[in-house]
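Peer 1: The structure follows.
Dropping the structure here:
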């Protein structure tokens, strides 16, 4: 009876419940910091004005809503959270979100080819992205390739994140926080950069009020980057435009509206990768500039986002937020896959497969959230509740079979990209699906004692996908799951004024398309994450430290049901079985060691195995160390900043079968270290010059996927001139 009632009424009654909570009058001491048995400690009371990491010079932030929807200090979030602030991105010269994620603790980034990247955390793929806390679905070329010019910071919460993200893997969620229009007078920044492989870059970032009292403000960011590559034939052209208007409608209401447009043209870029072996079983050792691409290879994308947000704070400190977002992408790829195992003497034996891919995915989402304090049993608590609805349409067209002849590759040693471009027939529908998700979620922060807090929440989701018949979809189908409940539970105990201990359980689901012996779709994969940890705020919050142990179980994995077929077909039937288990620990330190010394340090170690005790995510290492530190000199050296760091990873557990011996052997990249340096000199408060050197010792390493590999970037430099006004 309870389940039936929830199914029929939960989504309908939530708005009324939120409205009712608006009448709750909080304890008058809610926003104060003095200790009292009836006060909620360390709550960061939100306002309608968004916080920013810009111009703070910090390697950490005071608070974030990532993970729970509640605006909490990092030590009060019972999950592992990493924030890549604007200062970190600027210090390390990060041009893309990929660069930011490479520096983030616990995140492994490996090139799938020269157009895409595979991200992994704790043994699971990272595929959940949010813009300002609003989840979105990425296309074939992921959001991780986006330019960082328009973002204030990148927030990563690891583990299962189903409370706010909805569906996905129990890996991590990446929240991209946009820059806001918060300038009370005309301010801006102009950057010019030159670098290796003919890199040319420029950015203009200008903010200004639009009226005399600065209650209406605007900001415009335009960025342009062009670059060749260490890979033969390749060049990239990236252009970004971003505009936002923030308006204060009275003291308690703010309205924001904005848009972004990012276009990337990738020419001569290769799809796939290089062969590990020669036919005699010996390993290849190509030059780092070796490519499988042609002169006509093309991999272009365009990302457009439109968004609007309305925030209102009531007199009783409750805040209601309404978001509307429309995201669309266009991708056009005309590529050649060159694959096979070449003969060591002649270079013969490779094959070519041309491929045309055209996609126009889009997503529209609406979100309404209310957050605020309430009193119960003499204590102050905090609650957030929301409803959301999203519709995603995505698919792709393929060129079908080329009308023209497909020549052989010949001697791969002599490959220079001079290969005839295919002539395509009319495009065919590869696949197309419409995905709809409606959800209600809530989380409460309950202050049981001065030191003991519990965060409890849940998400109720209706999820449906409708797929059309296509080249990669043998038949149209519809899958729907109603009333999927995603729980969240965390407990935090303040050991003292600086240290908190926590324990948490979080959950996430991922729908599957496999059918069982009865012709029914399998229930979604279930990802459950358990975490224990300690967090500390040192030096009055200037430095955040954390340590955690975790265990993740993803179950109900589609597994062949031997001897059974889907009714009425000869298709293999599947059943849900135990899946992957991951466990490990992490350590992180971020912020200031002193007034002039910044540090970002992270260490991760984990194991991830399937039900048969085999390693999973074999392209990714099991141990990661990420360190970067910067020191600002004073006195006679005032204006000079020096920084440096190392990224170390352990051996990747990837194996493959030797083509000559037919024996399985290790082919994963051995452990390696990349060292990076930066030097900045500020001539005055307006003008500065910065040099970044990446892979200082020119380490040669590779990143593997799909039985092939791609070399990582050799030593490279970038010189950036910044002018602020």
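Numbering (our numbering), first residue to last: 5 to 729.
Built from N, CA and C at the ideal position, the CB exists for glycine as well.
1. Do you know offhand how far residue 268's Cα is from residue 652's?
2. Among the residues of its own chain, which have a CB less than 8 Å from the CB of residue 348, if the five just before and after it don't count?
3. Mind the definition here: the stretch 507 to 516 touches the stretch 141 to 151 only if three or more C-beta pairs lie below 8 Å; say whether that holds.
4. Just the C-alpha distance for residue 75 and residue 68, rounded to the nearest angstrom, thanks.
5. Taking 7 Å as the line, does the beta carbon of residue 202 fall inside it for any heavy atom of the ligand FAD?
6. Leaving out the 5 sequence neighbours to the left and right, which residues in its chain are closer than 8 Å to residue 431 when beta-carbon positions are compared?
7. Taking just the CA atoms, how far does residue 214 sit from residue 730?
8. Can you look up residue 131 in the DSSP assignment and give me helix, strand or coil?
9. How big is the Cα-Cα spacing for residue 560 and residue 476?
10. Please state whether DSSP places residue 101 in a helix, a strand or coil.
11. Assign residue 626 to one of three DSSP states: helix, strand, or coil.
12. Within 10 Å of its beta-carbon, does residue 480 have 16 or more other beta-carbons around it, so buried, or fewer, so exposed?
13. Once DSSP output is grouped into helix, strand and coil, what is the label at residue 637?
14. How long is the line joining the alpha carbons of residue 119 and residue 216, rounded to whole angstroms?
15. Using C-beta distances below 7 Å, list every residue in its chain close to residue 148, excluding the 5 sequence neighbours before and after it, in chain order.
16. Which runs of the beta strand (DSSP E) spanning at least 3 residues fall entirely within the stretch 321 to 363, listed in chain order?
17. Once DSSP output is grouped into helix, strand and coil, what is the label at residue 222?
18. In its own chain, which residues sit with a C-beta less than 6 Å from the C-beta of residue 694, not counting the 5 before and 5 after it?
19. For residue 421 and residue 297, which I take to be in contact (beta-carbon distance under 8 Å), what is that distance rounded to the nearest angstrom?
20. Rounded to a whole number of angstroms, what is the C-alpha to C-alpha distance between residue 30 and residue 383?
21. Does the Cβ of residue 126 have 16 or more other Cβ atoms within 10 Å, making it buried, or fewer, making it exposed?
22. Thinking just about the alpha-carbon of each residue, which of 540, 485, 501, 275 is nearest to the one in residue 514?
23. Quick one: is residue 663 near chain D, going by C-beta distance under 8 Å?
24. Strictly by DSSP, which residues pair up with residue 645?
25. I need the straight-line Cα distance from residue 62 to residue 331, nearest angstrom please.
26. Are the beta-carbon atoms of residue 450 and residue 440 separated by less than 8 Å?
27. Using the Cα positions of residue 728 and residue 597, report the straight-line distance between them to the nearest angstrom.
28. Three or more beta-carbon pairs under 8 Å between the stretch 164 to 177 and the stretch 247 to 259, yes or no?
29. Does the stretch 541 to 557 touch the stretch 195 to 206, meaning 3 or more C-beta pairs lie closer than 8 Å?
30. Hey, quick one: how far does the beta strand (DSSP E) through residue 695 stretch, first residue to last?
31. Along the chain, where does the beta strand (DSSP E) containing residue 261 start, and where does it finish?
32. Taking DSSP as the reference, what is the three-state secondary structure of residue 556?
33. Please determine, among 70, 245, 691, 686, the residue with the shortest C-alpha to C-alpha distance to residue 645.
34. Measure the alpha-carbon distance for residue 339 versus residue 303 and round it to whole angstroms.
35. Measuring only the C-alpha atoms, how far is residue 688 from residue 643?
36. Which same chain residues, not among the five before or five after residue 722, have their C-beta less than 6 Å away from its C-beta?
Peer 2: Taking the definition as stated:
1. Within the chain shown, the letter at position 264 stands for residue 268. Within the chain shown, the letter at position 648 stands for residue 652. Answer to the nearest angstrom: the Cα atoms are 30 Å apart.
2. Walking along the chain shown from the start, residue 348 turns up at place 344. Beyond the five residues adjoining it in sequence on each side, residue 348 comes within less than 8 Å, by CB distance, of 282, 283, 284, 286 in the same chain, given in chain order.
3. As far as the Cβ criterion goes, the stretch 507 to 516 does not touch the stretch 141 to 151, which means the pair count is below three.
4. Numbered from its first residue, the chain shown carries residue 75 at position 71. Numbered from its first residue, the chain shown carries residue 68 at position 64. CA-to-CA, the gap between residue 75 and residue 68 works out to about 5 Å.
5. The model on display carries no ligand, and the ligand FAD is accordingly not part of it.
6. As a working mapping, residue 431 is identified with position 427 in the chain shown. Around residue 431: 360, 362, 401, 402, 403, 404.
7. Since the first residue of the chain shown is 5 and the last is 729, residue 730 is not available in this structure.
8. Translated into positions along the chain shown, residue 131 becomes position 127. In this structure, residue 131 counts as coil in the three-state DSSP scheme.
9. In the chain shown, the residue the question calls residue 560 occupies position 556. In the chain shown, the residue the question calls residue 476 occupies position 472. Put simply, the backbone Cα of residue 560 is about 24 Å away from that of residue 476.
10. As a working mapping, residue 101 is identified with position 97 in the chain shown. Looking at residue 101 - three-state DSSP - the assignment turns out to be helix.
11. One-based indexing of the chain shown puts residue 626 at position 622. Coil at residue 626, not helix or strand.
12. Counting from one through the chain shown, the residue named residue 480 turns up at place 476. Exposure of residue 480 is indicated by the presence of fewer than 16 other C-beta atoms within 10 angstroms of its C-beta.
13. Position 633 of the chain shown holds residue 637. The answer is coil: DSSP assigns residue 637 none of H, G, I, E or B.
14. For this step, residue 119 is matched to residue 115 along the chain shown. For this step, residue 216 is matched to residue 212 along the chain shown. Here the alpha carbons of residue 216 and residue 119 stand approximately 47 Å from one another.
15. Counted from its first residue, the chain shown places residue 148 at position 144. Same-chain partners within the cutoff: 101, 102, 105, 121, 123.
16. Runs of the beta strand (DSSP E) inside the stretch 321 to 363: 323 to 344, 354 to 363.
17. Along the chain shown, read from residue 1 onward, the residue named residue 222 stands at position 218. Looking at residue 222 - three-state DSSP - the assignment turns out to be strand.
18. Sequence index remark: in the chain shown, residue 694 carries index 690 (1-based). Answer for residue 694: 684, 724, listed in chain order.
19. Against the chain shown, residue 421 aligns to sequence position 417. Against the chain shown, residue 297 aligns to sequence position 293. Beta-carbon to beta-carbon, residue 421 and residue 297 are separated by about 6 Å, close enough to satisfy the 8 Å threshold.
20. Your numbering for residue 30 matches position 26 in the chain shown. Your numbering for residue 383 matches position 379 in the chain shown. With a pLDDT of 37 at residue 30, under the threshold of 50, the modelled position of that residue is not reliable, and the figure given next carries that caveat. If you take the alpha carbons of residue 30 and residue 383, they lie about 10 Å apart.
21. Locating residue 126 in the chain shown gives position 122, counting from the first residue. Burial state of residue 126 is buried, judged by a 10 Å Cβ sphere holding 16 or more other Cβ atoms.
22. Counted from its first residue, the chain shown places residue 514 at position 510. Of the listed residues, the one whose Cα sits closest to residue 514 is 485.
23. Judged by its chain identifiers, the structure shown contains no chain D, having just a single protein chain.
24. In the chain shown, residue 645 corresponds to position 641, counting from 1. 636, 684, per the DSSP bridge assignment.
25. One-based indexing of the chain shown puts residue 62 at position 58. One-based indexing of the chain shown puts residue 331 at position 327. C-alpha separation (whole angstroms): 31 Å.
26. In the chain shown, residue 450 corresponds to position 446, counting from 1. In the chain shown, residue 440 corresponds to position 436, counting from 1. Taking 8 Å as the Cβ cut-off, residue 450 and residue 440 do not qualify as a contacting pair.
27. Along the chain shown, one-based indexing puts residue 728 at 724. Along the chain shown, one-based indexing puts residue 597 at 593. If you take the alpha carbons of residue 728 and residue 597, they lie about 27 Å apart.
28. They do not touch, by the three-pair rule.
29. No, the stretch 195 to 206 is not in contact with the stretch 541 to 557.
30. On the chain shown, position 691 is the one that residue 695 refers to. It spans 691 to 698 - the beta strand (DSSP E) in which residue 695 sits, taken as one unbroken run.
31. Residue numbering aside, residue 261 sits at position 257 when the chain shown is read from its first letter. Residues 257 to 271.
32. Here residue 556 corresponds to residue number 552 of the chain shown, with the count starting at 1. The three-state secondary structure of residue 556, taken from DSSP, is strand.
33. Taking the first residue of the chain shown as position 1, residue 645 is located at position 641. The closest CA to that of residue 645, considering only 70, 245, 691, 686, is found on 686.
34. Stepping through the chain shown from its first residue, residue 339 is reached at position 335. Stepping through the chain shown from its first residue, residue 303 is reached at position 299. C-alpha separation (whole angstroms): 7 Å.
35. Residue 688 sits at position 684 when you count from the first residue of the chain shown. Residue 643 sits at position 639 when you count from the first residue of the chain shown. Approximately 7 Å between the Cα atoms of the pair.
36. Along the chain shown, read from residue 1 onward, the residue named residue 722 stands at position 718. Excluding residues up to 5 positions away in sequence, 97, 197, 199, 696 lie with their Cβ nearer than 6 Å to the Cβ of residue 722 in the same chain.
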